[in-house]
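The structure appears right after this line, and notes come after that.
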Amino acid sequence: MTITTKNNLLDSFLSQVPNHTSFSEMRASSKDFLEKNGLPAAKEEEYKFTAITKKLEKAIDDFSLAKKADLSSDLIKSLVFDGFEGDLLVFNNGNFEKEFSSISNIGYNLSLISESKPDLLGKIANKERDPFVALNNASFEDGIYLKVLKNQKVENPILFLFLNQANHGQVINSRILIEVEDNSEVTFLEDSISLGDEVYFSNEVTEIKVGKNTQVHYNRLQNESKNAITVNNSETDIHRDAVFTSVVISMSGDMVRNNLSLNLLDSGCEGNMYGLYLLNGKTHVDNHTNVDHTKPHAQSNELYKGIMADSSRGVFNGKIFVRQDAQKTNAFQQNNNILLSEDAIVNTKPQLEIWADDVKCSHGCTTGQLDEEALFYLRARGLGKDQAKGFLLYAFAGEVMEKIADEAFRTHVINLVESRLGSNF
Amino acid sequence: MLTIKNLHASIEGTPILRGINLEVKAGEVHAIMGPNGSGKSTLASVLAGREEYEVTEGEVIFQGKDLLELAPEVRAREGVFLAFQYPVEIPGVSTTNFLRTAVNQVREYRGLPSLDAVKFLSVMKEKMKLVEIDQKLLSRSLNEGFSGGEKKRNEIFQMAMLEPILAILDETDSGLDIDALRIVSNGVNKLKSDRTATIVVTHYQRLLDYITPDFVHVLFNGRIVKSGTKELAMELEEKGYDWIKEEVNAASV
């Protein structure tokens, strides 16, 4: 039964894919992979708590790609967060909109994947790990290739503004390839916004290569409509002495699945993963992270925190893989959750696989309600109950928000979180 | 100022307070002493409004108002302050940050204009001197990683900022070394006035060398079994609590 369903859904997807001449080998092998393995079945371990295939079957009627939405400069202006200063790259249902973007090209080069045909495409994100990478490989139309040049400090952040809306089609593919050459520094921001309440499925793949001795920040905000279904695959190859920091803030959506993978490919490199999920209604957010330590003397830090209200659900799965060669690895992982209602759920699972014998690894997870003793303490000093709650929740979330590299973006996120906490969810 | 009449309270069905009567007037310092488990901390908690305790009988009138009807934050705004026996550590919330909100809540309730950041800071600096507390400590996460003495000093600092009418110190002296004890007591003494009152809950007579009580009450089995002056505390120090227990037991036979 499952097999038939899988094929039906996949057939619907793949039948809508036009024939592409570019990257034909990658597309063909991804298609083969999908035909062999299908989309995740209900019992699939990796998707145990997130029945994404079932969700897509139920929610999506039209598996063709969404056409571009109508945009205007005024609309874009109103959607860019306050205080933003930097380069803006606008994506309209996954299609890059040069007209509405503002690109300085200082310190980096930007091109369409269809033009530059970078060899690196598809080499970082691993389709064997997640069928949605294969689906994007097989069906994406175009995307961008952003290359930060050697020895550059890109002063202002680069914002990817994803504007999504079902429009004669409910599927959105986006594809980004970033290459940061040696000794450079850059901060990326990503803000995904729904232009309407219609159901769509956004399947995003971001591949990043950070070269030797680079410092790269990637900050992502997911605050789409309550009907948006999103799968985000973001995979980064980290080279010698480079530091890569990811912050993912998830606040809304119907079902969101994030697969974040960092490959620490050499000594001296550092991978940081921070996440905050602040959920209400029926929102379901699943963060699967994976860090692969391959060489000695590298470190990874991970902190994910979640606050779940109403009947929302959070899922966290953190995999740390330390290969035999990766002696002197430091790997830390922490996941803390607060449940604000009896109907809220969280599933959390650390997954450590360690093959080296001289490593420092730690992990921990907690799930609980608000600390009653702390609440009483604040009230006994004169703070109202809701105010005291807000203080405690804000403090809980603050530890992650302070990791956001860009000040204006951090302020934007803080304002969103404050207003959510202030409204008592 | 405060009248406690026949107060009974229990936790999870177990009675702890079994009929407390106490009258506290402005300008007075009352010490409440007693052996472990006699109900001292329960009394302090019930007055501050801790919700785990259920008041089963009796009443508490504070400044003409039924205190037991009020939420903990309203009691605080009315002027009741509890210095916690075990101050809570709250990561991510600094003393400065939450206290500014607290102070302004209290001021608003009392019809006073709120303090802006500058004004707040200058008041803070003045009160910091009282308990010899460092500003750096106050901008750190509340009580997190503080030593025992720092936590207790922080309690008295907050008390100074909130300017309560009735201060209840719940074993504020426990675990303090002599220097910290002196600093904390100095702070309390300087905050005393003829319009405020203090209830000092303590296990040790030592504290009363620094904070002179007008009355000393001995709590045993949830009741005040003996009241007196400072001399009573000294007698307790010398003879322990056993003679009181015997007296009570003899009386009940």
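Top line first, the protein sequences correspond to chains R and A. Under our numbering, the first residue of the first sequence carries the number 652, and numbering increases by one thereafter. Under our numbering, the first residue of the second sequence carries the number 430, and numbering increases by one thereafter. Every residue, glycine too, gets a C-beta built ideally from N, C-alpha and C.
Chain A within 8 Å of Ile654 of chain R, Cβ atoms only: Note that Ile654 of chain R scores 43 on pLDDT, short of 50, meaning its location in the model is unreliable; the coordinates nonetheless yield the value given after this. With 8 Å as the cut-off, Ile654 of chain R does not count as an interface residue toward chain A.
Below-8 Å beta-carbon distance, Ile519 of chain A vs any chain R residue: Residue contact check for Ile519 of chain A against chain R: a CB pair falls below 8 Å.
Beta-carbon proximity check, Tyr928 of chain R vs Val898 of chain R, cutoff 8 Å: no
Classification of Asp1057 of chain R by the beta-carbon crowding that lies within 10 angstroms, buried from 16 upward: buried
CB of Leu828 of chain R within 8 Å of CB of Tyr796 of chain R, strictly: Cβ distance < 8 Å, so Leu828 of chain R and Tyr796 of chain R count as in contact.
Of the listed residues R:Met677, R:Leu722, R:Ser724 and R:Phe783, nearest to Leu690 of chain R (C-alpha basis): R:Phe783
Supposed contact pair Ser680 of chain R and Lys768 of chain R - C-beta distance, whole angstroms, cut 8 Å: Lys768 of chain R to Ser680 of chain R, Cβ: 17 Å. No contact.
Chain-ordered neighbours of Ser953 of chain R on chain A, where CB pairs are closer than 7 Å: Ser is not the amino acid found at residue 953 of chain R; the sequence shown has Glu there. Chain A residues near Glu953 of chain R: none, gap ~18 Å exceeds 7 Å.
Contiguous beta strand (DSSP E) assignments of at least 3 residues, all confined to the stretch 528-598 of chain A: none
Euclidean distance between Cα positions of Thr656 of chain R and Ile754 of chain R: Caution applies to Thr656 of chain R, whose pLDDT of 47 falls short of 50 and renders its modelled position unreliable; the value that the coordinates give is listed next. Cα to Cα, Thr656 of chain R sits roughly 44 Å from Ile754 of chain R.
Val458 of chain A and Pro593 of chain A closer than 8 Å at C-beta: Cβ atoms of Val458 of chain A and Pro593 of chain A: not closer than 8 Å.
Closest by C-alpha distance to Thr525 of chain A, when choosing among A:Glu441, A:Phe586, A:Glu666 and A:Leu436: A:Phe586
Sub-8 Å separation of Thr887 of chain R and His944 of chain R beta-carbons: It is not a contact, given that the beta carbons lie outside the stated cut-off.
Distance between Lys621 of chain A and Ala531 of chain A (C-alpha atoms, nearest Å): In this structure, the alpha-carbon of Ala531 of chain A lies about 21 Å from that of Lys621 of chain A.
Cβ contact check for the stretch 603-615 of chain A and the stretch 565-575 of chain A: 3 or more pairs under 8 Å: No: fewer than three Cβ pairs fall under 8 Å.
Own chain partners of Thr653 of chain R with C-beta closer than 6 Å, once the 5 adjacent residues on each side are dropped: Bear in mind that the predicted position of Thr653 of chain R carries a pLDDT of just 41, short of 50, making it unreliable; the figure below should be weighed with that in mind. Excluding residues within five positions, the ones whose Cβ falls inside 6 Å are Ala692.
Stretch-stretch touch, CB-based, cutoff 8 Å, three pairs: the stretch 497-507 of chain A with the stretch 562-570 of chain A: no
Boundaries (first-last residue) of the alpha helix (DSSP H) holding Met430 of chain A: Run containing Met430 of chain A: none; DSSP gives neither H nor E here.
Sub-8 Å separation of Arg529 of chain A and Phe513 of chain A beta-carbons: Cβ distance not < 8 Å, so Arg529 of chain A and Phe513 of chain A don't count as in contact.
is_contact[Ala531 of chain A, chain R] using C-beta, thresh 8 Å: yes
Cα-Cα separation, Glu483 of chain A to Gly932 of chain R: So the two alpha carbons sit approximately 35 Å from each other.
Paired residues, beta bridge with Val966 of chain R - DSSP: R:Asp937 and R:Asn998
Residues of the stretch 470-490 of chain A with Cβ closer than 8 Å to any Cβ of chain R, in chain order: Ala477, Gly478, Arg479 and Glu480
Reduced DSSP category for Asn787 of chain R - H, G, I as helix; E, B as strand; rest coil: Of the three classes helix, strand and coil, the one that applies to Asn787 of chain R here is helix, per DSSP.
Best match in A:Glu498, A:Ile433, A:Phe491 and A:Gly616 for proximity to Leu472 of chain A [C-alpha to C-alpha]: Across the set A:Glu498, A:Ile433, A:Phe491 and A:Gly616, the C-alpha of A:Ile433 shows the shortest separation from the C-alpha of Leu472 of chain A.
Proximal chain A residues relative to Glu1050 of chain R, where beta-carbon distance stays under 9 Å: Pro520 and Gly521
Inter-residue CB distance, Met1051 of chain R and Leu954 of chain R (contact presumed, cutoff 8 Å): Strictly speaking, residue 1051 of chain R in this sequence is Val, with Met absent from that position. Their Cβ separation, rounded to whole angstroms, is 6 Å, which keeps Val1051 of chain R and Leu954 of chain R in contact under 8 Å.
For Ser992 of chain R, the three-state DSSP class (helix, strand or coil): DSSP places Ser992 of chain R in coil when its eight states are reduced to three.
Limits of the beta strand (DSSP E) - the one that Tyr759 of chain R falls within: According to the DSSP assignment, Tyr759 of chain R belongs to the beta strand (DSSP E) that extends over Tyr759 to Leu763.
Helix, strand or coil at His595 of chain R [DSSP, three-state]: Here chain R has residues from 652 to 1076 only, and residue 595 of chain R is not among them.
Own chain, CB closer than 6 Å to Thr627 of chain A, minus 5 neighbours either side, in chain order: Leaving aside the five residues that flank Thr627 of chain A on each side, the residues in its chain whose CB is nearer than 6 Å to its CB run, in chain order, Val458 and Ala596.
Assigned exposure category for Gln492 of chain A - 16 Cβ within 10 Å defines buried: Classified as exposed, Gln492 of chain A has fewer than 16 neighbouring CB atoms from the shown chains inside 10 Å of its CB.
Beta-carbon separation (whole angstroms), Ile809 of chain R vs Val831 of chain R, contact threshold 8 Å: With a Cβ gap of about 11 Å, Ile809 of chain R and Val831 of chain R do not count as contacting.
Range of the contiguous alpha helix (DSSP H) that encloses Gly1019 of chain R: Here Gly1019 of chain R belongs to no alpha helix (DSSP H); instead the beta strand (DSSP E) covers Lys1011 to Gly1019.
The stretch 901-914 of chain R contacting the stretch 1019-1033 of chain R, beta-carbon criterion three pairs below 8 Å: no
Per-residue contacts from Phe791 of chain R into chain A (C-beta, under 9 Å): Chain A residues near Phe791 of chain R: none, gap ~41 Å exceeds 9 Å.
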